[in-house]
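Here's the structure we're looking at; comments come further down.
In the numbering used here, the protein residues as written are 21 to 138.
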């Protein structure tokens, strides 16, 4: 069996890429010129490197994280929904998107680990 079909090749990154990644993962809003100063290269070089890291999928965007507790959400619950037929999952996901308190939805297959008994 050829595992190359199943595993992606690791990206070819160098020490400069690693330093850039370390800086931008600590603070996604850090200006490229500040990264350039830390790395000892030009701002244009940092821009090109970050763009390349985005293009090859090493970096996939940036995000702001919301603290749910600061918004008054003090409880997190994981719920399971059993579907009689897997083909209904798209309809269920669309219905769940209409509920503002649902912030994540994952589809799994196979037998559930937890089963309630009476």
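Beta carbons are placed, not taken as given, at the ideal position from N, Cα and C, and that holds for glycine.
> Where does residue 61 fall in DSSP's three states?
Replying inline: In this structure, residue 61 counts as coil in the three-state DSSP scheme.
>> One question on the structure: do residue 63 and residue 52 come within less than 7 Å of each other, judged by their Cβ atoms?
In response: In this structure, the beta-carbon distance from residue 63 to residue 52 falls below 7 Å.
> Alpha carbon to alpha carbon, how far is residue 87 from residue 55?
Replying inline: 27 Å
> Is the CB-CB distance between residue 31 and residue 79 below 7 Å?
Replying inline: no
> Using the rule of at least 16 other Cβ atoms within 10 Å of the residue's Cβ for burial, across every protein chain shown, is residue 90 buried or exposed?
Replying inline: exposed
>> Need the endpoints of the alpha helix (DSSP H) that residue 115 sits in, please.
In response: 109 to 117
> How about the region 63 to 72 and the region 107 to 124: do they share at least three Cβ pairs that are nearer than 8 Å?
Replying inline: no
>> One question on the structure: do residue 127 and residue 109 come within less than 7 Å of each other, judged by their Cβ atoms?
In response: yes
>> With H, G and I counted as helix, E and B as strand and the rest as coil, what does DSSP make of residue 142?
In response: This structure does not reach residue 142, given that the chain is present from 21 up to 138, and the question cannot be answered.
>> Suppose contacts are defined by Cβ-Cβ distances below 7 Å. Is residue 58 in contact with residue 73 by that definition?
In response: no
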